[in-house]
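Residue numbers (this note's numbering): 5 to 745.
In what follows, a single structure is set out as structure tokens and then discussed.
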Amino acid sequence: MESAATEPSPNSTSPPLRSDDTVTATTTTAATTSKRTSDSKKGQASSPPKPRKKQRQKEPTPLSTSSSPASGVSTPTIIKPTKLDKQQHVEPADDDTEDGDDGDDNTHHSSETTSLKHITTTASSENRSHPPTVRLDQPNFKYTTFPLKGYTILPTRNIASNFVRSDTSYVRGHKAGDAAICPKEEEEWHDTIIIHPGSRNLRIGLASEAYPITVPHVLARRVRTPGNKKAHPHTKDDDALREMRNELNWRMKNAKRRTLPNADNQVISFNSHAPKEIIPDHNDPYRVEWIDFKEQQDEVYVADSALKVPFGGDDDVPYDLFYPWRNGTLNQVDYTSLYAVLGDLQTIWTSVIQSELEIEDHSLENFNAVLVVPDAMDRSYISALITMMLQHMKFRGVIVQQASSCATFGAGVSSACVVDIGAQTTSIACIDEGVQLVDSRVTINIGGDDITRTFASFLTDNSFPYHALDLSRPYDWRLVEELKEKWCTMNEAEISVQVYDFFVRAPHQHTYKYQCKVYDEVFLAPLCLVYPNILKGRYGVEEDEVAKNNDGLTSSGVIDDIGADELSTVMANPSSQATVAARFKQPSSQSATPKADGSPAPSNDISTAAISTKNNSNIVYNFYPIDVAIAQSIQSASGNSDDRLKRYFTNIIVVGGGVAKISNFDRVLEDRLLSTMIARSSGIEDVDVLPAPRELDPEILVWKGASVLCKLEIAKDMWIGEPEWMESGLRLIRDRSLLLF
């Protein structure tokens, strides 16, 4: 028997081994037991018995084929190397070579091909320029709401982003101080408009002007079914009225003034028989030109024109009044959506700019605007207002600033306690070096409108000669407002029985002249801010409803970078706007007509108790004395510092149109602040309410401060343009403004 060769034959298909590799080769000779082929293999060496079939090895075993010297047929040779070349990769054979049939060469070649069909070599891959691409199995990722195992999701509450915190951030739009969004120096502030909206009036004007233009912040819109506008009777608390009279008697005694014991009887007796005089139209220089619907019927009337709509006449007027600003924020009661409120605001502002400032709509892209907002206004509403001004009104740049900070700029002081008494709300905040202290914000839902209603109720109790007085009619409301500004005073020397004249101008009627006597009602009406219990019966609000929270007013917390994206796209994304619009209270009726209760303006029928959040100290009160609210705000801003406490008590600024025309109100407020528990426990001996500088009207002091702010050098970095606002949203305010939420 001849042994098989231990080295691979030249005809072998396997690559040659390296010289340093140690190879152990085992050669097996294919043999058959068939009798048919035994005679043809005489002279050949007999092969040993066929070895047992081996198990498949884990490591790949290279195979080699060699030719049998006896039969001349190539048979596979198993080669088990201990060390292979890095370029070699051979798959192991599945089974050993099976015997051929009848010794035929074709049969042997077919058997050889079958046994080697799973054997591959990569030695020739060195000659290839590009190896075959190996496809890897990757997981199929899908959006899910739960974390996947092995993939870490960062908690959003721990993420602190520096996006748009500085000018180095790469954001589409203008950088801070870019000349493209700043006012032009050659215009000398003739291209900057100051807008100060309020619940009752809108103050607007150019920054180059000394005084603003004041117009009613109202709009008359055609409706299908006008709402019923009958005012509810105003009831007073007898205990509160007794306290107010005791306050008056105490002040009259300290001023060494005598009180008349039978003054009320004199007033009622005179007013019951007071005659009225008819004034012809040609003799009345202040007659009102009422709108005649026979000649024109516009869809919308704005500002002064809206108040000339003949409400309360003989014929039903298919119009209703809408006040888009209410209680120091957007109107949440008389409107059903945010779109409607912003649409009316844009209509009023655009119409007033065109009629009063003589600036066309298409020219607003060449103007900048400064918007004054209330101290505790919700940030989502501020975002919606900025979007409206930049994207829809097309202003070149916008600055937003809070009213209390603007008041300090207008008064020329750096630190003060600002008391803004508006028509429906009173906002109190302390300013330290031009920055508002968030913890000192206090808002109470009483204002100048409450003084008007209280004064009207006192006049009615004393037999007011004009018996048809109804505060739900616009012209009657304006009449009482005018009488309040002329007659109300808190000067003790003016408290006596006096006779006044007034005129009533109703639509489709002649002007009537009345005479009326008044006594202490001119002093008691403004005291409703100090004794708010007198207001408990207004519009049917019961005493047990005072402690209810107002869900419509949302407090402002600390805004994070994650949630700012939703607020910055209020106007751009309808779904985001629907979220904000959902905060509005839905009225019972389908139409967006004003409610039937009260005056032509929105009523203060929202009962609000102290509302405070974890991240903010904005407090909203109702039926809360104004003197106690001021003392509480000062104490919150001072902390444990007695010096700061005394500084704020001696630097109090009263602004707003609620008490602007009431003389000596500041002196009464000083006495009331000295009597508070906070002032007495802290040893405060002096309280000063600063007068308006340069004899400015307190009504326009905030507007004047905004005009001063836009002219400062720091204002160049505060302008916001449309591209960067639409890109970054509300987070841009923290980088370019002094607003604090």
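Beta carbons are placed, not taken as given, at the ideal position from N, Cα and C, and that holds for glycine.
- Query: In the DSSP assignment, what are the bridge partners of Lys765?
  - Reply: Because the chain spans 5 through 745 in this model, residue 765 falls outside it and cannot be assessed.
- Where Asn335 falls: helix, strand or coil (DSSP): Residue mapping note: residue 335 aligns to position 331 of the sequence shown, counting from 1. Reduced to three states, the DSSP call for Asn335 is coil.
- Task: Rank Glu726, Gln336, Ile666 by C-alpha distance to the C-alpha of Asp382 and give the top, closest one.
- Result: Taking the first residue of the sequence shown as 1, we reach residue 382 at position 378. If we check each option's Cα against that of Asp382, Gln336 comes out closest.
- Message: From the DSSP secondary-structure annotation, give me the bridge partner or partners of Arg330.
- Response: Here residue 330 is taken as the residue at index 326 of the sequence shown, counted from 1. Looking at the DSSP assignment, Arg330 forms a beta bridge with Thr333.
- Query: Who are the Cβ neighbours of Glu303 in its own chain at under 6 Å, not counting the five residues just before and after it?
  - Reply: Here residue 303 corresponds to residue number 299 of the sequence shown, with the count starting at 1. Arg226, listed in sequence order.
- Query: Going by beta carbon distance, what residues of the same chain come within less than 6 Å of Thr196, once the five residues before and after it are set aside?
  - Reply: Here residue 196 refers to the residue found at position 192 when the sequence shown is read from its first residue. Once the five neighbours on either side are set aside, the close Cβ partners of Thr196 are Pro187, Ala211, Asn372, Cys714.
- Range covered by the beta strand (DSSP E) that runs through Asp424: For the purposes of this step, residue 424 is taken as the residue at position 420 of the sequence shown. 420-425 is the extent of the beta strand (DSSP E) around Asp424.
- Given Cys520 as reference, the closest of Lys665, Asn275, Glu213, Ile688 once Cα atoms are compared: Here residue 520 refers to the residue found at position 516 of the sequence shown. For the residues Lys665, Asn275, Glu213, Ile688, the minimum Cα distance to Cys520 belongs to Asn275.
- Query: What is the C-beta distance between Leu734 and Ser387, in whole angstroms, given that I count them as a contact (C-beta under 8 Å)?
  - Reply: Locating residue 734 in the sequence shown gives position 730, counting from the first residue. Locating residue 387 in the sequence shown gives position 383, counting from the first residue. The Cβ separation is near 5 Å, so the contact holds.
- In terms of residue numbering, what span does the alpha helix (DSSP H) encompassing Cys532 cover? Your numbering for residue 532 matches position 528 in the sequence shown. Taken as a continuous stretch (DSSP letters only), Cys532 belongs to no alpha helix (DSSP H), as it is neither H nor E.
- Report yes or no: do the segment 448-464 and the segment 500-514 share at least 3 C-beta pairs separated by less than 8 Å? no
- Message: Can you tell me where the beta strand (DSSP E) holding Asn205 begins and where it ends?
- Response: Counted from its first residue, the sequence shown places residue 205 at position 201. It spans 205-210 - the beta strand (DSSP E) in which Asn205 sits, taken as one unbroken run.
- Task: Please determine, among Thr493, Lys720, Cys532, Asp505, the residue with the shortest C-alpha to C-alpha distance to Ser747.
- Result: What is shown of the chain runs 5 to 745, which leaves residue 747 out entirely.
- Determine, using beta-carbon pairs with one atom in the segment 687-704 and one in the segment 357-373, whether at least three such pairs fall under 8 Å. no
- Taking buried to mean at least 16 other C-beta atoms within 10 Å of its own C-beta, is Arg445 buried or exposed? Start at 1 with the first residue of the sequence shown, and residue 445 comes out as number 441. Buried is the call here.
- Message: Tell me the DSSP secondary structure of Cys714 in three-state form.
- Response: For the purposes of this step, residue 714 is identified with residue 710 of the sequence shown, where counting begins at 1. Here Cys714 sits in coil by DSSP.
- Cβ distance (whole Å) where Ile630 is taken to contact Val534 below 8 Å: Taking the first residue of the sequence shown as position 1, residue 630 is located at position 626. Taking the first residue of the sequence shown as position 1, residue 534 is located at position 530. About 6 Å separates the two Cβ atoms, so the contact holds.
- Alpha carbon to alpha carbon, how far is Gly438 from Ile638? As a working note, residue 438 is residue 434 in the sequence shown. As a working note, residue 638 is residue 634 in the sequence shown. So the two alpha carbons sit approximately 16 Å from each other.
- Message: Contact defined as beta carbons within less than 8 Å: I believe Val706 pairs with Cys410. What is the distance between those atoms, to the nearest angstrom?
- Response: Within the sequence shown, residue 706 is the residue found at index 702, counting from 1. Within the sequence shown, residue 410 is the residue found at index 406, counting from 1. Going by Cβ atoms, the distance from Val706 to Cys410 rounds to 5 Å, so yes, they are a contact pair.
- For Ile634 and Leu677, believed in contact at Cβ under 8 Å, the rounded distance: For this step, residue 677 is matched to residue 673 along the sequence shown. For this step, residue 634 is matched to residue 630 along the sequence shown. About 6 Å; that satisfies the 8 Å criterion.
- By Cβ distance, which residues of its chain are closer than 6 Å to Val484, with the 5 residues on each side in sequence left out? The residue given as residue 484 occupies position 480 in the sequence shown. If we look at Val484 and ignore the five residues flanking it on each side, its Cβ neighbours are Thr456, Ala460.
- Under the three-state DSSP convention, the category Ile538 falls into: Translated into positions along the sequence shown, residue 538 becomes position 534. Helix.
- Item | Proximity below 9 Å, CB of Thr515 to CB of Ile283 | By 1-based counting over the sequence shown, the position of residue 515 is 511. By 1-based counting over the sequence shown, the position of residue 283 is 279. Yes. Within cutoff.
- Item | alpha helix (DSSP H) runs contained entirely in the segment 469-505, provided each spans 4 or more residues | 478-491
- Message: Quick check for students: name the residue ranges of the beta strand (DSSP E) that lie wholly in the segment 348-393, counting only runs of 3 or more.
- Response: 372-377
- Considering only C-alpha positions, which residue in the set Ile538, Glu498, Lys540 is nearest to Tyr523? Residue numbering aside, residue 523 sits at position 519 when the sequence shown is read from its first letter. Ranking the options by Cα distance to Tyr523, first place goes to Glu498.
- Query: Going by Cα to Cα distance, which pick from Pro536, His471, Phe653 is closest to Lys280?
  - Reply: As a position in the sequence shown, residue 280 is number 276, starting the count at 1. Of Pro536, His471, Phe653, the residue nearest in Cα terms is His471.
- Since Met397 contacts Leu368 with CB under 8 Å, what's their CB separation in whole angstroms? Numbered from its first residue, the sequence shown carries residue 397 at position 393. Numbered from its first residue, the sequence shown carries residue 368 at position 364. Indeed they touch by this definition, with Cβ atoms about 6 Å apart.
- Message: Taking 8 Å as the cut-off, does the segment 423-442 touch the segment 243-261 (at least 3 CB pairs, one atom from each stretch)?
- Response: no
- Message: DSSP three-state label for Tyr652, please.
- Response: For this step, residue 652 is matched to residue 648 along the sequence shown. Here Tyr652 sits in helix by DSSP.
- On the three-state DSSP scale, how would you describe Ile185? The count along the sequence shown starts at 1 and reaches residue 185 at position 181. Reduced to three states, the DSSP call for Ile185 is coil.
- Task: Report the three-state DSSP secondary structure of Pro201 (helix, strand or coil).
- Result: Counting from 1 along the sequence shown, the entry for residue 201 is found at position 197. Three-state DSSP puts Pro201 in a strand.
- Message: For a quick check, are the C-beta atoms of Tyr628 and Pro536 less than 9 Å apart?
- Response: As a position in the sequence shown, residue 628 is number 624, starting the count at 1. As a position in the sequence shown, residue 536 is number 532, starting the count at 1. Contact flag set, yes.
- Is it right to say Tyr736 is buried, meaning 16 or more other beta carbons lie within 10 angstroms of its own, or is it exposed? Sequence index remark: in the sequence shown, residue 736 carries index 732 (1-based). First, the residue type needs correcting, since residue 736 is Leu and not Tyr in the sequence shown. Counting Cβ neighbours within 10 Å, Leu736 comes out buried, since at least 16 surround it.
- Query: Out of Glu674, Arg648, Asp646, Arg176, which has the shortest C-alpha to C-alpha gap to Asn658?
  - Reply: By 1-based counting over the sequence shown, the position of residue 658 is 654. For the sequence presented, residue 658 should be read as Val rather than Asn. That would be Glu674, whose Cα lies nearest to the Cα of Val658.
- Cβ atoms of Ile208 and Val356: under 9 Å apart, would you say? Numbered from its first residue, the sequence shown carries residue 356 at position 352. Numbered from its first residue, the sequence shown carries residue 208 at position 204. Contact flag set, yes.
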